[in-house]
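Asker:
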Amino acid sequence: MSATRRARLRALAKINLDLRVLGRRADGYHELRTIFQTISLGDRLEIAFTPGRRSAIQLADDRIPDNLVVRAAQAVMDTVRRAGRVEMRLTKRIPMGAGLGGGSSDAAAVLLALPVLAGGEVPLADLCRMGRDLGSDVPFFLLGGTAVGVGRGTELFPLPDAAARHGVLVAPGIHVSTAEAYRLLSPSLTTELQENKMVSFQSQAWKWGDREPAVNDFEPVVFGRHAPLARLKKRLEQSGAAPAMMTGSGSAVFGLFRTAEEASRAMSSLRESEMAGGKGIRFSLVSRARYRSMWWRALHEHTGANLWPLRSRYLR
Ligand code: C5P
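The sequence shown maps to residues 1152 to 1467 in the working numbering.
#1: At what residues does the alpha helix (DSSP H) containing residue 1284 begin and finish?
#2: Pairs of beta-carbons, one from the segment 1279-1293 and one from the segment 1372-1380, closer than 8 Å: are there three or more?
#3: Please report the Cβ distance between residue 1197 and residue 1159, rounded to the nearest whole angstrom; I am assuming they are in contact, meaning their Cβ atoms lie under 8 Å.
#4: Mind reading off the beta-carbon distance from residue 1163 to residue 1192? Whole number of angstroms is fine, and I expect it under 8 Å.
#5: Give, in chain order, every unbroken run of the alpha helix (DSSP H) that is at least 4 residues long and sits entirely within the segment 1280-1341.
#6: DSSP three-state label for residue 1368, please.
#7: What residues are listed by DSSP as bridge partners for residue 1202?
#8: Whose C-beta lies closer than 7 Å to the C-beta of residue 1372 among residues of the same chain, with five residues either side of it excluded?
#9: Spatial neighbours of residue 1277 within its chain, please: CB distance less than 8 Å, with the 5 preceding and 5 following residues excluded, ordered by chain position.
#10: Between residue 1162 and ligand 1, is the CB less than 7 Å from at least one heavy atom?
#11: Just to confirm my understanding: we take residue 1279, look at its own chain, exclude 5 residues before and 5 after, and list those with CB closer than 7 Å. What are they?
#12: Taking the continuous alpha helix (DSSP H) assigned at residue 1404, which residues delimit it?
#13: Pull the bridge partners of residue 1434 from the DSSP assignment, please.
#14: What I want to know is whether the C-beta of residue 1451 ends up closer than 7 Å to one or more non-hydrogen atoms of ligand 1.
#15: Three or more C-beta pairs closer than 8 Å, one from the segment 1418-1432 and one from the segment 1232-1243: is that the case here?
#16: How should residue 1342 be labelled, buried or exposed, when 16 other C-beta atoms within 10 angstroms of its C-beta is the threshold for buried?
#17: Return the Cβ separation of residue 1439 and residue 1296 in integer angstroms, given the expectation that the two are a contact with Cβ distance under 8 Å.
#18: Is there at least one non-hydrogen atom of ligand 1 closer than 7 Å to the beta-carbon of residue 1303?
#19: Which two residues bound the contiguous beta strand (DSSP E) that contains residue 1158?
#20: Would DSSP call residue 1113 helix, strand or coil?
#21: For residue 1327, does the count of other Cβ atoms within 10 angstroms reach 16, so buried, or fall short, so exposed?
#22: How big is the Cα-Cα spacing for residue 1403 and residue 1323?
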């Protein structure tokens, strides 16, 4: 009987430091300009692969039908052509429907880890294609750190690390559907607006936060429906956050502070009534180097060399 290969992973959340929606594309998706950033909040994923004659994929405590993690595992198994049993257990810490990319990050974690455990080699370009098929935010988690996303958000350009900041995040008990947020925003997008957005985004991406205020185009439509989110943003600004903004299509709102003390003070001054049924979470920004060393630590016993994506030591 073959030995089981196990790993315990952290699948980190993302925030959007800037997010502009230019217009609807012929394929039904919207053209984006965004800055993604990985943060220290993460789900836990335990994953085990046991080589064997038959393949099977199991997710313990699966309360989410059609879970992206299972689809990611299936995509890897179809690609690496190694038979065996995949067992996974997911402990959610990243609030869902909050614009934090939790489900996408879980899926990307499987794309990064399972080839290593199963003894297959999947080039980064193929992982990105598999990620795109699972969801627009998945490819970013194959890169981590700070990155510009264009197109559907799946064409990525790494940026130098954003300055170290201390964050406070509030994930309210409001679930925003991404597709619905795009539908609400779409009618207001015009060609003239697109050009202005591109120019101002470019100067933002050049040196994030230094030149122009950060923007999230979803705020007007989502705040229009959920007034407590607008109040939350204002409240974080008043306590010194720069910027304070919503991430993705919501509903989480975050604030960044220069010092840990400022962030802690802001967090403890938030009243329960101001958090729209949610809770406050402290976080830090995770650089690409830190992201990759986290992956290396989680998988080092199954890899030979510290390359990216990590290479399996079970390659035949
Ligand atoms: O790619 P993903 O499955 O995460 O997208 C969810 C929904 O969000 C899509 O079905 C689409 O309605 C919308 N979307 C979009 N433009 C994007 C990304 C997502 O219109 N760039």
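Backbone N, C-alpha and C fix where the C-beta goes; we use that ideal spot for every residue, glycine too.
Since the structure is predicted, the reported quantities are computational estimates derived from the model, not experimental observations.
Answerer: The answer reads as follows:
#1: Segment 1275-1285, the alpha helix (DSSP H) holding residue 1284.
#2: Judged by Cβ distances under 8 Å, the segment 1279-1293 makes no contact with the segment 1372-1380, as fewer than three pairs qualify.
#3: Residue 1159 and residue 1197 do touch by the CB rule: their CB atoms are close to 5 Å apart, below 8 Å.
#4: Contact holds; Cβ gap of about 7 Å.
#5: With a minimum length of 4 residues, the continuous alpha helix (DSSP H) runs that stay inside the segment 1280-1341 are 1329-1336.
#6: In the three-state scheme derived from DSSP, where H, G and I count as helix and E and B as strand, residue 1368 is classed as coil.
#7: In the DSSP output, where bridge partners are listed per residue, residue 1202 has 1235.
#8: In chain order, 1332, 1335 and 1336 place their CB closer than 7 Å to the CB of residue 1372, counting only its own chain and leaving out the 5 sequence neighbours on each side.
#9: Scanning its chain for C-beta atoms nearer than 8 Å, with the 5 sequence neighbours on each side dropped, one finds around residue 1277 the residues 1230, in chain order.
#10: Checking the Cβ of residue 1162 against ligand 1 gives no.
#11: Only 1290 and 1293 meet the Cβ criterion.
#12: No alpha helix (DSSP H) contains residue 1404, which is instead part of the beta strand (DSSP E) from 1404-1408.
#13: In the DSSP assignment, residue 1434 forms a beta bridge with 1318.
#14: The answer is no for residue 1451.
#15: Touching, no, given that fewer than three Cβ pairs across the two stretches are closer than 8 Å.
#16: With fewer than 16 other Cβ atoms within 10 Å, it is exposed.
#17: The Cβ separation is near 3 Å, so the contact holds.
#18: Under cutoff, so the answer is yes.
#19: From DSSP, the beta strand (DSSP E) with residue 1158 extends over 1156-1175.
#20: Here the chain comprises residues numbered 1152 to 1467, so residue 1113 is not present and cannot be evaluated.
#21: Buried.
#22: The straight-line gap separating the alpha-carbon atoms of residue 1403 and residue 1323 is approximately 6 Å.
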